[in-house]
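Peer 1:
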Amino acid sequence: MEGFQLTTTVESVLGQSFSEVWIVGELGEDMVEALKRIVRNRMFGGVKRLKLIFYLSNPEDLNYLNLLRPVLLENVSMSIVVEERPVKSLLDDARLIKDEVNVIIGKMVSAELVKAIELSRDRLKVVEIHD
Amino acid sequence: MTNERFEIILTTDRTMMSDHHGKEFIGFMTTGPPIGMPEFLWMWIAAPKMKTDRLGRPWQAPYAMRKLEALLQDHGYNAAIIDPDHLHKHLDHARILMLSHHDYFALCPPSSEWWLVTKQEPVNARSFRRLMEKPEIRRAKKNGLKIIVGGPAGWQWLYRVNLWEKWGVDTVVDGEGERIVLDLVEKVYSGEPLPRYVFVGPNDVPMIEEIPRIKHASVNGLIEIMRGCPRHCKFCSVTLRPLRYIPLDMIEDEILVNVKEGVKGGILHSEDVLLYGARGLRLNPDALIKLHKLARKHLKTIAWAHASLAAIKNAEEEYGLISKLREIICEDGVQDYWGVEVGVETGSVKLAKKIMPAKAAPYPAEKWPDVVEDAFAIMHENNLIPAATLILGLPEEKPDDVLRTAELLDRLKPYRSLIVPMFFVPMGALKDKDWFTTFKVSDEHIEVMRRCLWHSVKWGEEIMNRFYLRGPSKFPVKLMLKLFLRYVRWKVRSYEEKMGWKPLIAEAPVIRS
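Note that the protein sequences, when read in sequence, are chains Z and U.
At position 77 of the first sequence (counting the first as 1) the number is 77 in the numbering used here, and the numbers step up by one without a gap.
At position 151 of the second sequence (counting the first as 1) the number is 151 in the numbering used here, and the numbers step up by one without a gap.
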């Protein structure tokens, strides 16, 4: 990293503010429509950046991306970041929430979710899957 | 002293890391399976190996990768593009492997179409799989190498999640890479987890001053002159991004990088070259003439990546501009033709109005078939040789729409061109629509495909004889391509006889002077 000359300054993407949606537990087919609805609402609501955070019991298993594909394809105008985190980090993350975050509850939800909602000072808002 | 250990390696497979014998169009053969010959011979014709230095750095590399290489180097990272045959020299001490591709899994047109028609996997997908299964990549991955993939075909990984997992790809990026790539690299260097997927939206594409200048030669001297497109065709992803014109001084710098490294020809890249400097869709002849004079000053040969048919017609009819640009391009006699990709897409006015209402602008969408024919006539008269595409299986397409396309093909018979039908792939604003799949191929589609094939075989032979691959060094490739065209002619004729179809080849094109 020494002795270089910086000729191009570039703005960060990940350093920008993102609207967040948390998906806690395994993603199921019944949750896809709810996620699509959220993505559409955010997109038409003028949101520029959206982060989908998956709290998974096995973050090595990428099968959830097959279900997520139609959700991602709904979008044309927002930057979307998909992250995976272990369920055990949920409580720590809930303590740090600043703005309201939508949560979708997946299959095999950990009991830690209830605790997380308390810790978030009601900033975690559970989204109903079925209208 | 040159650092011989690179921490960030950028690479791709052989079908991309090749100059295709100096002819970009031959590169399209990598989208097909080997037909009538062994794969190694097909690969030798379509994607010969690239010359490299001792460290495996290629003489020429894909332009988008050159941009990221320059960006990373500008920010002090020890990064380099490495030819796929030389990865073993570097991967044991690399931290990040970055991959880019136009068509990782042969899902884009025309690969998907050749796959469907021949029932054989195209060589681009085979070649990429061989790359990913190289022992040096597998070994480095086990030792903690991070793999980040992107490029124009980044979206394809969403359809191949099993391989995403199997090959240990950490992050997939879909969209322009300049802003996100530094974020990702910084995360790796600081030991933070990487995101699994990033779609870069229009608000996060780089501004002109954030786009770095390439430091080494690009494949066949390809240079970007603008990004984005104002036509807003619904099937296209480029049009979703803002329009940016690259300033002439930046274009000149990059041309000079290529020339200095021995790449004497250049391809001006844009989704619509004739819109360079345009105000909306209003052409800017002055900017175009300056651009071409600049290119002429430094380059031996000039080609265009893409142009719209409406802009070609408008340029010639309103400004006599195609003739003027021909004079500039062909002025020293070194070249007497130039190539371009154009999109015919459909012959149906109804579909044109729905999916690409501004494609005919400044002419009304109702006039689309006339715009296409007029533009083809202008190109024919000016030795501008188009490789044209059609889209079959567009959403809401009806048999009558396909027949309108067949009729348009008949009108295009007299004009020198290659026409390739492509199956609809959901991209751009239509990316959530269904794929065009085998069982939907109708008799009308087959008819359009036959007409395209015979049109292209006929004109392909003429182009080969009169314009393409001149000089003794190109003779072996030219011979192989001619033999290939003969094989195609024989094979298709045999099939038509078997099916009892009237041979279309009898309807030879009328050659206009």
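C-beta atoms are modelled at their ideal positions from N, C-alpha and C, and glycine is treated no differently.
At the 8 Å Cβ level, is E42/Z part of the contact set with chain U, yes or no?
Peer 2: Here residue 42/Z corresponds to residue number 42 of the first sequence, with the count starting at 1. Checking the sequence shown, residue 42/Z turns out to be Arg, not Glu. No, R42/Z does not count as interfacial toward chain U.
Peer 1: Rounded to a whole number of angstroms, what is the C-alpha to C-alpha distance between D249/U and T9/Z?
Peer 2: Position 249 of the second sequence, counting from 1, holds the residue named residue 249/U. Position 9 of the first sequence, counting from 1, holds the residue named residue 9/Z. Taking the straight line joining both Cα atoms gives about 18 Å.
Peer 1: Determine the closest residue to K300/U out of P369/U, R213/U, Y104/U and N220/U, with distance taken between C-alpha atoms.
Peer 2: Residue mapping note: residue 300/U aligns to position 300 of the second sequence, counting from 1. Of the candidates P369/U, R213/U, Y104/U and N220/U, the one whose C-alpha sits nearest the C-alpha of K300/U is N220/U.
Peer 1: Compute the distance between the beta-carbons of I211/U and E24/U, then report whether it is under 8 Å.
Peer 2: Translated into positions along the second sequence, residue 211/U becomes position 211. Translated into positions along the second sequence, residue 24/U becomes position 24. It is not a contact, given that the beta carbons lie outside the stated cut-off.
Peer 1: For R197/U, go through chain Z and note every residue whose CB falls closer than 7 Å to its CB, in chain order.
Peer 2: Walking along the second sequence from the start, residue 197/U turns up at place 197. For the record, residue 197/U in the displayed sequence is Tyr; it is not Arg. Those within 7 Å of Y197/U in chain Z are V82.
Peer 1: Nearest chain U C-beta to V87/Z closer than 8 Å, yes or no?
Peer 2: Residue mapping note: residue 87/Z aligns to position 87 of the first sequence, counting from 1. Closer than 8 Å: no.
Peer 1: Is there a C-beta anywhere in chain Z that falls below 8 Å from the one on G201/U?
Peer 2: Residue mapping note: residue 201/U aligns to position 201 of the second sequence, counting from 1. At least one chain Z Cβ lies under 8 Å of G201/U.
Peer 1: With 7 Å as the C-beta to C-beta threshold (strictly closer), list the residues of the segment 175-193 of chain U near chain Z in chain order.
Peer 2: Of all residues in the segment 175-193 of chain U, E178, R179, I180, L182 and D183 have a Cβ within less than 7 Å of some Cβ in chain Z.
Peer 1: Distance check for G76/U and R411/U, CA to CA, integer angstroms please.
Peer 2: The count along the second sequence starts at 1 and reaches residue 411/U at position 411. The count along the second sequence starts at 1 and reaches residue 76/U at position 76. Rounded to the nearest angstrom, the two C-alpha atoms are 56 Å apart.
Peer 1: Quick one: does L158/U have its CB under 8 Å from some CB of chain Z?
Peer 2: Walking along the second sequence from the start, residue 158/U turns up at place 158. Yes, its Cβ sits closer than 8 Å to a Cβ of chain Z.
Peer 1: For chain Z, is any of its Cβ atoms less than 8 Å away from the one on V161/U?
Peer 2: By one-based count along the second sequence, residue 161/U stands at place 161. Yes, V161/U lies at the interface with chain Z (some Cβ there is under 8 Å from its Cβ).
Peer 1: Taking L529/U and P357/U to be in contact with their CB atoms under 8 Å, please state how far apart those CB atoms are, rounded to whole angstroms.
Peer 2: Residue 529/U cannot be examined here, being either before or after the span of chain U that is shown, 1 to 513.
Peer 1: Let me know the secondary structure DSSP gives T171/U once reduced to three states.
Peer 2: To locate residue 171/U, count along the second sequence from 1; it is residue 171. If DSSP states are grouped into helix, strand and coil, T171/U belongs with the strands.
Peer 1: Note down, in chain order, all residues in the segment 200-220 of chain U with a beta-carbon under 9 Å from any beta-carbon belonging to chain Z.
Peer 2: Cβ contacts with chain Z: V200, G201, P202, N203, D204, P206, M207, E209, E210, I211, P212 and R213.
Peer 1: Given a cut-off of 8 Å on the beta-carbon distance, is the pair V340/U and H380/U in contact?
Peer 2: Mapped onto the second sequence, residue 340/U falls at position 340. Mapped onto the second sequence, residue 380/U falls at position 380. It is not a contact, given that the beta carbons lie outside the stated cut-off.
Peer 1: Kindly indicate the opening and closing residues of the beta strand (DSSP E) around E83/Z.
Peer 2: As a working mapping, residue 83/Z is identified with position 83 in the first sequence. Looking at the DSSP string, the run of the beta strand (DSSP E) that includes E83/Z is S79 to P86.
Peer 1: Quick one: which residues of the segment 225-258 of chain U get their C-beta closer than 8 Å to a C-beta of chain Z? List them in chain order.
Peer 2: If the cut-off is 8 Å between Cβ atoms, the segment 225-258 of chain U has L240 near chain Z.
Peer 1: Identify the residues that DSSP records as bridge partners of G266/U: which are they?
Peer 2: One-based indexing of the second sequence puts residue 266/U at position 266. I302/U.
Peer 1: What are the boundary residues of the alpha helix (DSSP H) that Y566/U is part of?
Peer 2: Because chain U is modelled from 1 through 513, residue 566/U falls outside the range shown and cannot be assessed.
Peer 1: List in chain order: all unbroken alpha helix (DSSP H) runs of 4+ residues lying wholly within the segment 99-128 of chain Z.
Peer 2: Runs of the alpha helix (DSSP H) inside the segment 99-128 of chain Z: 112-119.
Peer 1: Please report whether the beta-carbon of E20/Z lies at a distance below 8 Å from any beta-carbon of chain U.
Peer 2: The count along the first sequence starts at 1 and reaches residue 20/Z at position 20. No, no contact with chain U.
Peer 1: Against chain Z, does W368/U count as a neighbour if the rule is that its beta carbon must be under 8 Å from one of theirs?
Peer 2: By one-based count along the second sequence, residue 368/U stands at place 368. So, not an interface residue.
Peer 1: What did DSSP end up calling S308/U once you bin it into helix, strand or coil?
Peer 2: Indexing the second sequence from 1 puts residue 308/U at position 308. DSSP places S308/U in coil when its eight states are reduced to three.
Peer 1: Taking just the CA atoms, how far does G106/Z sit from M43/Z?
Peer 2: To locate residue 43/Z, count along the first sequence from 1; it is residue 43. To locate residue 106/Z, count along the first sequence from 1; it is residue 106. Using only the alpha carbons, I get a separation of about 23 Å.
Peer 1: Any beta carbon of chain U sitting closer than 8 Å to that of M31/Z?
Peer 2: Your numbering for residue 31/Z matches position 31 in the first sequence. Chain U contact via Cβ: absent.
Peer 1: Note down the Cα distance separating F376/U from P364/U, rounded to an integer number of angstroms.
Peer 2: Residue numbering aside, residue 376/U sits at position 376 when the second sequence is read from its first letter. Residue numbering aside, residue 364/U sits at position 364 when the second sequence is read from its first letter. The straight-line gap from Cα to Cα measures roughly 18 Å.
Peer 1: DSSP state of G154/U, grouped into three classes?
Peer 2: Locating residue 154/U in the second sequence gives position 154, counting from the first residue. It is helical.
Peer 1: The beta strand (DSSP E) with V24/Z in it runs from where to where?
Peer 2: Taking the first residue of the first sequence as position 1, residue 24/Z is located at position 24. Counting along the chain, the beta strand (DSSP E) containing V24/Z begins and ends at S19 to V24.
Peer 1: Quick one: residues in its chain with C-beta nearer than 7 Å to the C-beta of G460/U, no 5 flanking neighbours on either side, listed in chain order?
Peer 2: Residue numbering aside, residue 460/U sits at position 460 when the second sequence is read from its first letter. Around G460/U: L418 and L485.
Peer 1: For a contact meaning CB atoms closer than 9 Å, what does L35/Z contact in chain U?
Peer 2: By one-based count along the first sequence, residue 35/Z stands at place 35. Within chain U, no residue comes near L35/Z; the closest Cβ sits about 13 Å away, beyond 9 Å.
Peer 1: Could you tell me the distance, in whole angstroms, from the CA atom of A94/U to the CA atom of H88/U?
Peer 2: As a first step, residue 94/U is located in the second sequence; it is residue number 94 there, counting from the start. As a first step, residue 88/U is located in the second sequence; it is residue number 88 there, counting from the start. So the two alpha carbons sit approximately 10 Å from each other.
Peer 1: Can you check which of these residues, E178/U, K260/U and R160/U, is closest to G168/U by C-alpha distance?
Peer 2: Along the second sequence, one-based indexing puts residue 168/U at 168. Ranking E178/U, K260/U and R160/U by Cα distance to G168/U puts R160/U first.
Peer 1: According to DSSP, simplified to helix, strand and coil, what is V510/U?
Peer 2: By 1-based counting over the second sequence, the position of residue 510/U is 510. Note on V510/U: pLDDT 45, under 50, position unreliable in the model; the coordinate value appears next. In this structure, V510/U counts as coil in the three-state DSSP scheme.
Peer 1: Would you mind listing the beta strand (DSSP E) stretches within the segment 345-401 of chain U that are 3+ residues and don't spill past its ends, in chain order?
Peer 2: List check, beta strand (DSSP E) in window: 384-392.
Peer 1: Taking only beta-carbon atoms, is L14/Z less than 8 Å away from chain U?
Peer 2: Translated into the one-based positions of the first sequence, residue 14/Z becomes position 14. Closer than 8 Å: yes.
Peer 1: Opposite L52/Z in the DSSP bridges: which residues?
Peer 2: The residue given as residue 52/Z occupies position 52 in the first sequence. Answer is V21/Z and V82/Z, bridged to L52/Z.
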